[in-house]
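The next block holds one structure in the form of C-alpha cells; read it before the comments.
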Amino acid sequence: MTDLAKDLNPEQLKAVKINRGPILILAGAGSGKTRVITYRIAYLINEQKIPPYNILAVTFTNKAADEMKSRLVRMLDCSESEIWVKTFHATCAAILRGGATRIGIPRNFAIYDESDQLAVVKESLKEMRIESKELKPEFVLKMISHAKENLLTPEDYRPSDPRLRGILPRIYKLYNQKLVEYNALDFDDLILMTVRLFRTDPAILLRYQERFRYILVDEYQDTNRAQYILTKMLAEKYHNLCVVGDDDQSIYSWRGAEIRNILDFERDYPDTTVIKLEQNYRSTKTILKAASSVVKHNTQRKPKVLWCENEPGEKIEYYEAYDDKNEANYVVKKVIEQGLSGLDLGRIAIFYRLNYQSRVFEEFFVKYKVPYEVVGALKFYDRAEVKNILAYLKVIGNPRDLVSLKRIVNLPTRGIGYESLERVAEYAGRERVSFFDALRKSDGIEGLKPRTRSGIRDFVVLIEKFIALKSQVNLYELAIQVAKESGYLDSLTRDQTEDEFTRRKNVEELLISINDFVKTYPEKRLEDYLENVMLRSNIDDWQGAGRVSLMTLHNAKGLEFDTVFITGLEDGILPHHRSYEENRYEEERRLFYVGITRARKKLFLTSAGQRESYRGGFQVTETSPFLKEIPDDVFSSVMIAEDF
C-alpha cells in the first residue's frame, strides 16, 4: 500500500479511512473521486483485513469499472476476479445467473438491448391490433421502462395520462409475457428481478448481505428508484454503505435518476458521516469560477464550492455567431488553430445539447479535412452486420430467443419469407411450443413451399450443429464456424462493393474482439461474452485518440479534455424549451455546469443568432439565460459574427 497521506488530500484521506457506518462523499467535479473509491477499497483490504469477497463496488459504466479494477490489481496482490467491481446491471445479471431459478428464470436467459426490446413491443402492438401511428413503439417502450425503474408491475402501473390507463398496462403485460416466452430479460428487468428475488427469498438476500458487508456506490446522484431499493436492501444488515456523487451533476432525470436519493441520504441513514471533496485537480481557476457562478443559482443542491491550486489560466472566449453555419465555421477554425499550436486533436471536444446539432459541425470538419468522431452515435455493436452474427450466437445460447431467431432464420437468404414465418408462428402458438421447436417440425406445417421447407430444415440442422459444437470448442472457434458455415461472411463479398467491404471488416473486427475476450477470460462461456456485449454503453467504446470528439452534453459526463467548446447556448436549446414546463430548469443548469467542468485549460462558448428551420427560412434565437450568470471578468472578450 502506498503512503496515503502523501497521495491524498486531508478530506480524501478521511473518506478512505472511515471503516464503519454509512458515508456520503460529495465529490465535486474533478475532485479525484475515482482515486478515493479505489484507495478506500485497497485500504479496507490491506489495512482493515476485509476479504475482497466481502466488498461490492458499483459503477455506472463498464469503462469506469474496468479502470477501477485495473488500479486495484496494481495496488493489491490479487487478481481481477477476486474484486467485485461492476455496473448495477452486471451485478444483478451475476446474481440472477446464480439464483434466479427460484423465481422461474433459467440461468441461460438472454439480455435484450433496446433494439430487441423495441421488436418485442412491436410484436405486442401487432398482436393487440394497435397501429404504430396510434401509439409509437418507442413511446411505449419508454413508458414500460419507466414503470420497471419504479418497480411497478403491469397490475400496479397507472400512467399519469388517463387516456393511456386502459391500454399501456395491457401492452406492458403482454410484453412481459413475451420476454418470459423468449427466455429473455431487458435491462430494467435485471434490477427489478433481483429485487423480486430478494423479496421472494429472504435467505438469498441474507446470503448477499453477508457477502457484501461493505458496499460502495459511485455516481449515486444518478440512481433511480429500483437501484435505490436494491442498494438499501443489500446494505440493510451492516449499514456499511459508502455512496459517492455530486448533486450538481445530476442530469439524468429523463431516464429515471432521482436527485432526492443523494439529497435525502442523511434522512435515510441518520448516522451518516458527510465528507465534501471540493479541491479540483482538473480545471483552471477561471473555468472553476465560471462553473461555480452558474451552479450556485440552483436551489436543489448541497452547498459546496470548488477550488484549486492550478493557475488562473486563459480566459473564456465567447462567440455570438449570426447563424449555425457561421458558428460551426468559427468552431472548426478555432480547432485548427489549437491543432497547429501543437495540441493533439483527441484532447479537444465539442459539446451540444441535442444530437441533430452535430450535422453542421460534421459538414465543416469534412470541408476542412479535420478528423473527428461522433461519440454516442451508432455503436459498433449496434451495426446490422455485427448484430447479425451476435444474433446467431444468442440463438445458440438460447434457442427460445425469438427476436434473434427471426433476425437470422433467412440470413443469408434461404427462401423463408414473411408469410412462411407467420405460418410457423401460428403453428407454435396452436401447439404451444417454442418457435424453434416449430421450425424443427416444419414438415407438419401446412402451406409451406418445398423450397421453404428445405431452407428451414437446413437452418435447423445448422443451429443444432452449432449448439452441439458449443461444448466442444472455445467461443472464438465457434464464432469463426458460425460466420463461415452460416454463409453470412461470404454473403458480404457477393457484389464486391465498398459498403460490403466495410461490413465484412466490421464482422472481422467482431471476431477479433471475441478472440481477445477468450484470451483474457479463457474460463468464460458464451453467455458471459453476450452479457458483456449487451451491457456495454456508448462511452465504453469511445477511444478519442487523434480525432476531435463531438458529443452531447449528457455523453460528456465523466470525461475531460484540454479544450472544450460548448455550442448552441440559446434559450430553447440550453435550457431546452421543455425544461420550463417539465420542471427541469435546474437540471439544464447542471448540464451546463457539467459541460464547463469537463475543460482543463481552455473553454469556448458559442451561440447563434438564428438557426435554419426545416420549414424553410430561419428562426431568430435568444442567447441562453445561463450565459448571464457567468461574471464578465472571466471572459477575454465577447465576439460577434462581424469580428470573425
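End of the sequence shown sits at 665 in the numbering used here; the numbers just go up one at a time, nothing left out.
Built from N, CA and C at the ideal position, the CB exists for glycine as well.
None of the values given here were measured: they were computed from a predicted structure.
Inset, instruction - Assign Cys99 to buried or exposed, taking buried as 16 or more other Cβ atoms, counted over all protein chains shown, within 10 Å of its Cβ. - result: Exposed: under 16 other Cβ atoms inside 10 Å.
Inset, instruction - Keeping to the same chain, check which residues put their C-beta closer than 8 Å to that of Leu551; ignore five residues upstream and five downstream. - result: These residues qualify, in order along the chain: Ala131, Ile132, Leu411, Leu414, Lys415, Gly418.
Inset, instruction - Assign Leu172 to one of three DSSP states: helix, strand, or coil. - result: The three-state secondary structure of Leu172, taken from DSSP, is coil.
Inset, instruction - Identify every run of the beta strand (DSSP E) within the region 87 to 167, keeping only runs that are complete inside it and at least 3 residues long; order them along the chain. - result: 105 to 108, 131 to 133
Legend entry - Simplified DSSP state of Asn418, which is helix, strand or coil: Contrary to the premise, residue 418 reads as Gly rather than Asn in this sequence. It is helical.
Legend entry - Spatially closest choice to Leu327 from Ser455, Asn319, Ser314, Gln321, by CA coordinates: Among Ser455, Asn319, Ser314, Gln321, the Cα nearest to that of Leu327 belongs to Ser314.
Legend entry - Limits of the alpha helix (DSSP H) - the one that Lys3 falls within: Nothing can be reported for residue 3, as the shown portion of the chain is limited to 22 through 665.
Legend entry - Same chain only: Cβ atoms within 7 Å of Val655, ignoring 5 sequence neighbours per side: Thr307, Lys310, Ala311, Lys336, Ile337
Legend entry - Contact under 8 Å by Cβ, Arg632 with Phe639: yes
Legend entry - Backbone CA spacing between Lys107 and Arg246 [nearest angstrom]: 19 Å
Inset, instruction - To the nearest angstrom, report how far apart Thr523 and Lys408 are at their CA atoms. - result: 15 Å
Inset, instruction - Specify, as a first and last residue, the run of the beta strand (DSSP E) that Phe233 falls within. - result: From DSSP, Phe233 is part of no beta strand (DSSP E); its letter is neither H nor E.
Inset, instruction - Kindly list the residues whose CB is nearer than 6 Å to the CB of Gly120, restricted to its own chain and excluding five residues on each side of it in sequence; keep chain order. - result: Ile225
Legend entry - Inter-stretch contact at 8 Å, needing at least 3 Cβ pairs: the region 587 to 600 / the region 268 to 280: no
Inset, instruction - Give the DSSP bridge partners of Gln300, in chain order. - result: Trp328
Inset, instruction - Tell me the start and end of each unbroken beta strand (DSSP E) in the region 569 to 641 that is at least 3 residues and wholly inside, in chain order. - result: Annotation: the region 569 to 641 contains the following complete segments of the beta strand (DSSP E) (minimum length 3 residues), in chain order: 569 to 573, 582 to 587, 620 to 629, 631 to 633, 639 to 641.
Legend entry - For Thr293, the nearest candidate out of Tyr302, Asn319, Cys263 (CA to CA): Cys263
Inset, instruction - Flag this pair as yes or no: are the beta carbons of Ile272 and Thr584 separated by less than 8 Å? - result: no
Inset, instruction - Output yes or no for whether 8 Å exceeds the beta carbon distance between Val37 and Leu45. - result: No, Cβ-Cβ distance for Val37 and Leu45 is not below 8 Å.
Legend entry - Neighbourhood of Asn75 by C-beta, 7 Å cutoff - its chain only, sequence neighbours within 5 removed: Arg232, Phe233, Arg234, Tyr235
Inset, instruction - Drop a sphere of 10 angstroms on the beta-carbon of Tyr614, count the other beta-carbons inside from all chains shown, and report buried for 16 or more, exposed for fewer. - result: Within 10 angstroms of the beta-carbon of Tyr614 lie 16 or more other beta-carbons, which makes it buried.
Legend entry - Cβ pair Asn40, Leu65 closer than 8 Å: Yes, these two residues count as a Cβ contact at 8 Å.
Inset, instruction - Pull up the distance between the alpha-carbon of Val142 and that of Leu162, whole angstroms please. - result: Whole-angstrom Cα-Cα distance: 7 Å.
Inset, instruction - Would you check if the distance between the CB atom of Ala342 and the CB atom of Thr627 is smaller than 8 Å? - result: yes
Legend entry - Candidates Pro180, Phe208, Ser600, Asp182: closest to Phe109 by CA position: Phe208
Legend entry - Rounded separation between Asn527 and Asn536 - CA only: Roughly 14 Å separates the two Cα atoms.
Inset, instruction - Identify, in the order they occur along the chain, each residue of the same chain with its Cβ nearer than 6 Å to the Cβ of Arg9, setting aside the five sequence neighbours on each side. - result: The question about residue 9 has no answer, for the chain in this structure spans 22 to 665.
Legend entry - Length at least 4, wholly inside the region 188 to 266: the alpha helix (DSSP H) runs in chain order: You should have 189 to 202, 208 to 221, 223 to 232, 246 to 256.
Inset, instruction - Tell me whether the beta-carbon of Ile280 lies closer than 8 Å to the beta-carbon of Gln248. - result: Annotated as distal: Ile280 and Gln248, with beta-carbon spacing of 8 Å or more.
Legend entry - Start and end residues, alpha helix (DSSP H) containing Thr473: 471 to 490
Legend entry - Between the CA atoms of Asn319 and Tyr635 - distance to the nearest angstrom: Residue placement at Tyr635 is flagged as unreliable, the pLDDT there being 46, under the threshold of 50; the coordinate-derived value follows with that caveat. Each residue's Cα considered, the two are about 34 Å apart.
Inset, instruction - Using three-state DSSP, classify Ala278 as helix, strand or coil. - result: coil
Inset, instruction - Measure the C-alpha to C-alpha separation of Ala349 and Gly363 and round it to an integer number of angstroms. - result: 22 Å
Legend entry - Ile71 versus Glu332 - alpha carbon distance: 41 Å
Inset, instruction - Would you tell me roughly how many angstroms separate the C-alpha atoms of Glu467 and Glu170, rounded to the nearest one? - result: Straight-line Cα distance between these residues: approximately 44 Å.
Inset, instruction - With a cut-off of 8 Å on the beta carbons, I'd call Phe81 and Asp269 a contact; round off their distance for me. - result: Not confirmed; about 16 Å, so no contact.
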